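Quick notes on the structure that follows.
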Amino acid sequence: MIKNRRSFLRGLSMGGAATLLGPFVNRIVGTAWGADVSRPNLFVLTAGNGWGHQSLDRNTPLLAPTMRSESDWDLPKVLNKLSPLAKRVSLCRRLYNPFDKNLHGNGWATLSVMKGDGRNPGGPSLDRWVALQTAASDPFPSLALGVALRDSSPPPCTSSDGVRKPFPAIGRPLVAFETVFGSASGQADADNVLARRKSLLDAMVKDVERVRAQLAGQERAKLDQLLESYRGLERQLSAKRQILAAIKTPAPPTDKQNSLGLQPASLQAHVDVAAHAVAFGFTRVVHLSVLGFDAHNAGWDALGFSGDAHENLAHLSGYDKPRATAAYEAIIDFEAGLLARFYSVLSGFKANDQLLSDQTLAVWVNSGGGKHHEGHAHHAVVIVGDAQGRVRGGMHLERPGHAVSEAFLPVASAMGVKSDTFGDPEHCKGPLPGLV
Amino acid sequence: MAAACSGRVADDDEPSGGGGGKPPPGDVQDVTDVLNGLPPGSMSSGAGSPSGRPRPSGVPVAGSDTCRAPKERVWQLSPLQMANTMATLVPGVDATLLKERLLRYASVGSPYTSDPGILNASSLFATDLNQTVTQLVDTLVSSGGGEHACVAKSPTRDCAQTVIKSLLPRAFRSPPANGVADDFLAFYDDASGKYGEGPAIKLLIERILSAPEVLFRRELGELDKKTGLLRLSAHERADLIAYAITDAPPDSQLRAAADDGSLLEPEVARREVDRLLGAAPPLEDIVEGMAEVRRKVAGPMRFLREFLSVEKTRFVTVKGSDERLLRWFDNEAMTFARHVLWEDDATLSKLLTADYTFYSNTLADHYGVARKDNYTAPAPTVNGRKGVLMQSSFLTGHDSATDRGKFIRARLFCQEIAAPDNNVDMNLEGLEEELEGEEKRNLSPREVRARHLKDPSCAACHQQLDPLGFPFDGFDVLGKPRTTWDGFPIDTGGEILGTSKSDGKVQNAPELVTKLAASSDVATCFVVQMYMYVHGRIPGEEDTCYLERLSTAFARSGGNVRELMAEMLTGDEMQTRMPDWKTESQGAKP
Chain Z
119 MIKNRRSFLR GLSMGGAATL LGPFVNRIVG TAWGADVSRP NLFVLTAGNG WGHQSLDRNT
179 PLLAPTMRSE SDWDLPKVLN KLSPLAKRVS LCRRLYNPFD KNLHGNGWAT LSVMKGDGRN
239 PGGPSLDRWV ALQTAASDPF PSLALGVALR DSSPPPCTSS DGVRKPFPAI GRPLVAFETV
299 FGSASGQADA DNVLARRKSL LDAMVKDVER VRAQLAGQER AKLDQLLESY RGLERQLSAK
359 RQILAAIKTP APPTDKQNSL GLQPASLQAH VDVAAHAVAF GFTRVVHLSV LGFDAHNAGW
419 DALGFSGDAH ENLAHLSGYD KPRATAAYEA IIDFEAGLLA RFYSVLSGFK ANDQLLSDQT
479 LAVWVNSGGG KHHEGHAHHA VVIVGDAQGR VRGGMHLERP GHAVSEAFLP VASAMGVKSD
539 TFGDPEHCKG PLPGLV
Chain U
-8 MAAACSGRVA DDDEPSGGGG GKPPPGDVQD VTDVLNGLPP GSMSSGAGSP SGRPRPSGVP
52 VAGSDTCRAP KERVWQLSPL QMANTMATLV PGVDATLLKE RLLRYASVGS PYTSDPGILN
112 ASSLFATDLN QTVTQLVDTL VSSGGGEHAC VAKSPTRDCA QTVIKSLLPR AFRSPPANGV
172 ADDFLAFYDD ASGKYGEGPA IKLLIERILS APEVLFRREL GELDKKTGLL RLSAHERADL
232 IAYAITDAPP DSQLRAAADD GSLLEPEVAR REVDRLLGAA PPLEDIVEGM AEVRRKVAGP
292 MRFLREFLSV EKTRFVTVKG SDERLLRWFD NEAMTFARHV LWEDDATLSK LLTADYTFYS
352 NTLADHYGVA RKDNYTAPAP TVNGRKGVLM QSSFLTGHDS ATDRGKFIRA RLFCQEIAAP
412 DNNVDMNLEG LEEELEGEEK RNLSPREVRA RHLKDPSCAA CHQQLDPLGF PFDGFDVLGK
472 PRTTWDGFPI DTGGEILGTS KSDGKVQNAP ELVTKLAASS DVATCFVVQM YMYVHGRIPG
532 EEDTCYLERL STAFARSGGN VRELMAEMLT GDEMQTRMPD WKTESQGAKP
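Protein sequence lines, in the order shown, are assigned to chains Z and U. Numbered by my numbering, the letters in the first sequence go through residues 119 to 554 in order. Numbered by my numbering, the letters in the second sequence go through residues -8 to 581 in order.
Have a look at this one:
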C-alpha cells in the first residue's frame, strides 16, 4: 500500500510488507537538505556462488529463457520471484570479466572490472563510483552491507573507492540499522544534541587541518580522507536530524535477524534496512554482498545444502549433478527474492509522484567468475532497468566478447555519472548494445 | 653500526644509484632481486630523484636514488592499534565495544594489517569511531571519571585545564604544539557557555580522543641542516617502537625516555626495544580457549601470524574440519612460534625446521599421538614433521600443491606470480577423465597435474608453484599424513626453481623446509616481509641499501627474528625521513 500523509505518524516495522511513511517524508526530507529527489536509486547485489558460477550458465539451462526475440522472452524459472518486475528485467549473458581471476572468483574486479594487484582493488567499484560521482553530499553516499562471518573483521565485499582503497561493508543488520537510523528511539533534545555534535565536528575538522598543514602530497591525502569523513559526518548529522524528526524510526532487526554467518533472515533484514535507508533519503546507492568475493565454499545450510559448496556443488561433472543443480536453483531463487524484496519495500514510497521502485535500478552479478571453472568468460548480469527510460528493461542479451563493465556503464549513466567508459577502458567500448 | 646508506650527503649532480658502497660481506641475496619480485608499483613507490621538487637552496640532497630515507611520515593507526590506544587513554572503561566496532575495519586482502594502503578513514569508519568515542566518554563520566574524577563530579574550567594538561600530551604522545592547549581550553569555554559544563567536558575529551595526533602516527621530524634529512624526535621514535612491538602507545617507561630525550641515545633506544621485545606474551593471550579473552598478539607474534597467514585456517570449510579443530590448528602455530621466539633460539631456521610442537588433546587425537594433558610443554613431532610449514595450520590453510607452492613463492621468495592471460583456458572440468581416456588407464593425481604442467599455457605459472607444493602431498587437506592418494602412492618429489641461489630438487617436505631454512633468498625475503610489517610500506629502490644492511645483520645474528625486529627499530636509517619541500611548516625552516 502506498502511504500518504494520514499515515505519517503511524508506526513502522521492518519488512517487505511494512506500512511506510514514504511519500511525504521523502519529499520534505529531500527538499529540506537539498537532495534531488528525482535522481534514481541503485541497488547492487553481488553473490559469491549461485548462478553463473561453475559454468552453470554455460552448461545448464538454468538461466536460459524461453526466447522469441531479444525483447520477447520469458523469465527462466529460477528468476520467477522477479516476475512482478519482468518487463523491466534485462538478462545479459555470456559476458566476460578479465581481471583478478582468482581461482573461484573475480574478487575485487567483480564490480570494478579493473586489474588489482592480486590482494587489493585496482579501481572503484560500480557502487562507489556512482556514489562518489553523484551522491557525495548525501548523508551516506552509499551503504555496503555484507554477511558477517565474525565481528572482528569486515565481511567479504568488493566495494572499493579506488586503487588499494577497499570500502568496508557492514556485517550485522543491527549495526547497519544503527549506523543509518541511530540507536536513540526518541528525538528529545535533538536540536541541542545536533548543535553539540556540530561544535565538536567543527573543532575536529580544525584539528585535522592543523596536522594536514604540516604535510604535503600523498601524506596530505591521508589526512584529506579523514577530513572528508568528518565533513561527511556533519552532513549525516544534519540530514539525520531532519529525517528522523519527520519519521518514526523503524523497528530494528531482531536477534534472529542479526546473527553471524550466511543466514537468510539476516540477509532479508539487510534488505529491509537498505530499502528504508533509500526510502527515507539517507542514501541512494546500496551494495549487498552475499559473500560476493571468492566465496565458492560458502555452504547454504539454511537452504538445505550444507558443507563444502565447492566439493558438493561446484564440480558438477565429478559429483552429484542433480543435487548441485537443485542447490543452485534454490540459491538463485533466494537471491532473486532479496531483489524482489527490495523493490517491494520501495513500492510503498513515492517521490515526485513516482513510486520509488520505479525510480530504482538494480544490478545483480555473481563474483564467482573463477578461472578454475572458466566462469570469468560466462558471466550473466541481471539488470532491473528502466528508471524512467534511462536503461532499457525487458531485454535478453547474449553478448559474448563484451565485458560486464559494458552492462554496468548504462546503469552508471542513468544514475548521473558522465562517462563513456567504466573500469578498464580496453574492455569497455561503450554501453552494452541493446541495453540503452 | 654501519650507516653508509642513509644520512649520506650527495651533491646535486652526483650520479644516482651509488648506494653508499657495497654492503658488508655476508651470504645474502641481492635485495634488488627480491624487490623485483614484489607487486607492481613497489619499485616506484617513493622512488625518484627529489631534484624536481622545489627546495630551499643550500640544503643538500639526502641520499641517492637507491639509498634514501623514506618519505612517508604519517600512518593511520590500524583498528587494533586505535582500539588499544583508546583503551589506554580511558583506563577502566570496557573497550570491548570499541574493539568490536573498530576491528571490522581491519585489513582486507593484504598480508599485513599495518599496510597503509588498506587503512582508510571512510565515512563509515568515521561514523563508527565517532559513535564509539562518544560512548566511551559517556561511560567514563558515568562511572566516576576514572583518573579524572572531576569530569564526573565537578566539570569546571579548572577540571578542563587539568584534563588538557594531563590527557592531551598522553593522547598526542608528544607535547602539543604551541597554542593547541589554549585552543582546546577555548573550545571548552565556548561549549560550556552554550551547553553547560557537563556536556562541555565530555565534548572536550571527545575532541582530544578524535584528534589526528591520536589517530595517526606521525614522523614529522626535525631538519638536520647538515644532512638535509629530517631526524625523528624522541617521541616519534617512541611511537615507532611502541606500535611496532605492542600495537599500543608507549608505556610509561618508554614515554619517560621520550620525555627526557634519552631515547635519542642509541643505547637507550636499544634497551627499550629489548625490554619490550624481551618478554614472551602470556600463553593465555595467544591460545584461544585457555582463558575467556580474545587473542592478543602484537609485535613479532602478530607479524608471524600475518606472515604465515594463520588466520586463513579459521575460514577453512573442508570435510572433516570443525571450528574446534581449526582453532587448535591456529593455537598450535601460535604456541609454536611463541616458543621458538622466546624459549628457543628465535631463528627463522628453527621456525621452519624445529622437530617439536605442542599437542592439546584435540591436536593429539588429530596427529595420532598419546594425550598428555600438558599443552604447554613441547613434544616431539611425528610423521617426520619439521617446522611450521608442516603443521596442520599451514597445510589446511593452503590445501593444494599449488596453494602451498604459491605461499612459498610469494612469502618466502618474495616472488609474485602474475595472473594468467585472458585467453588461457582455465576450465578443468573433465580434464582428469579426458587424460585417462587418452592414456586408457587411471592416472594418479600427480600424473594428472604433471600433464597439466606440460600444457604451455598452464606451465608458465604452475611450474613456479606446484613443484614447491608437491613435497607436501604427503599431507592431506587437514594436514594428516597419507601414503596413498586415490589409491596411488604419493610422490613427494619437488623442486625449487627460479631463485637466485636456492634452486634444486628435493625428495620430500622435510628436505624442502631444511633447504628453505638454509636459503639466503628466503632470509632476504623474510627481511623484506618484516620491513613491510614494521614500517607499513612496500619497499622501493631507495630502500635497497637499508635492506642489504638488514639482511647482513640478520645473517650475522644467525637469522634471529627478534633481533631483526630490534635492528629495524633502532637502525640509524629508520631515524631519518626525506623532507618534502612543499611542506608548509618545514619549507620555512632552512
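All residues carry an ideal CB built from backbone N, CA and C; glycine is no exception. All values derive from a computational prediction rather than experimental measurement.
- Within chain U, the residues whose beta carbon sits less than 9 Å from that of Z/T297 are L115, T118, D119 and Q122, listed in sequence order.
- The bridge partners DSSP lists for U/Q67 are U/F207.
- For U/V439, the enclosing alpha helix (DSSP H) starts and ends at P436 to K445.
- Take Z/E188, set aside five residues on each side of it, and the residues of its chain with a beta-carbon closer than 7 Å to its own are M513, H514, L515 and G552, in chain order.
- Among the residues facing chain U, Z/A321 is included, as its CB has a counterpart in that chain under 8 Å away.
- The region 174 to 183 of chain U makes contact with the region 139 to 152 of chain U, as at least three CB pairs between them are under 8 Å.
- In summary, the residues of the region 322 to 343 of chain Z whose CB is separated from some CB of chain U by less than 7 Å are M322, D325, V326, V329, A331, Q332, L333, A334, G335, E337, K340, L341 and Q343, in the order they occur in the chain.
- About 16 Å separates the CB atoms of Z/L163 and Z/W418; that is not less than 8 Å, and the two are not in contact.
- Taking C-beta atoms under 8 Å as the contact rule, U/P190 and Z/R314 qualify, at a distance of about 6 Å.
- Q354: these are the residues of the region 352 to 363 of chain Z whose beta carbon lies less than 8 Å from some beta carbon of chain U, given in chain order.
- Between U/P472 and U/G465, the beta carbon gap of about 6 Å places them in contact (Cβ cut-off 8 Å).
- Contact annotation for Z/L318 against chain U: L194, E197 and R198 [CB-CB distance below 7 Å, chain order].
- Scanning its chain for C-beta atoms nearer than 6 Å, with the 5 sequence neighbours on each side dropped, one finds around Z/Q375 the residues P291, A383, S384 and A387, in chain order.
- Our two residues, U/I196 and U/L127, have alpha carbons roughly 10 Å apart in a direct line.
- U/D242 and U/V331 have their alpha carbons spaced roughly 26 Å apart.
- Minimum Cα-Cα distance from U/R305 among the listed residues U/R296, U/D215, U/R318 and U/M523 corresponds to U/R318.
- Against chain Z, the CB of U/P61 has no partner CB under 8 Å away; the residue lies outside that interface.
- In the displayed model, U/L221 falls within a strand according to three-state DSSP.
- Taking a cut-off of 8 Å for Cβ pairs, the region 561 to 572 of chain U and the region 336 to 352 of chain U do not touch, as fewer than three such pairs fall below it.
- A residue is called buried once 16 or more other Cβ atoms fall within 10 Å of its Cβ, and U/R568 is buried on that count.
- Judged by DSSP in its simplified three-state form, Z/W482 adopts strand.
- Of all C-beta pairs linking the region 257 to 264 of chain U to the region 289 to 299 of chain U, fewer than three are shorter than 8 Å, placing the two stretches out of contact.
- A Cβ-Cβ contact shorter than 8 Å links Z/G410 with Z/T276.
- Contact annotation for Z/R508 against chain U: no contact, minimum CB-CB distance about 27 Å [criterion: below 9 Å].
- For the region 177 to 189 of chain U, residues whose beta-carbon sits nearer than 9 Å to a beta-carbon of chain Z comprise F178, D181, A182, K185 and Y186.
- Using a Cβ-Cβ cut-off of 7 Å, U/Q67 is close to K340 of chain Z, given in chain order.
- Residues of chain Z whose Cβ lies closer than 8 Å to the Cβ of U/A162 do not exist, since the nearest Cβ in that chain is about 11 Å away.
- Neighbours of Z/G399 in chain U, taken as residues at a C-beta separation under 9 Å, are lacking, since the least C-beta distance is about 16 Å.
- Contact of U/P291 with chain Z is not assigned, every C-beta pair being separated by 8 Å or more.
- Around the Cβ of U/A368, a 10 Å sphere holds fewer than 16 other Cβ atoms; the residue is exposed.
- Boundaries of the beta strand (DSSP E) harbouring Z/H497: H497 to V502, taken from the DSSP string.
- At a cut-off of 8 Å between beta carbons, U/E204 contacts chain Z.
- Per DSSP, reduced to three states, the secondary structure at U/W476 is strand.
- U/A271 and U/W333 do touch by the CB rule: their CB atoms are close to 3 Å apart, below 8 Å.
- Restricted to the region 144 to 221 of chain U, the alpha helix (DSSP H) segments that are unbroken, complete and at least 4 residues in length are 148 to 163, 171 to 186, 188 to 201 and 203 to 206, listed in chain order.
- In this structure U/L316 touches U/T353 by the C-beta definition: roughly 6 Å separates them, less than 8 Å.
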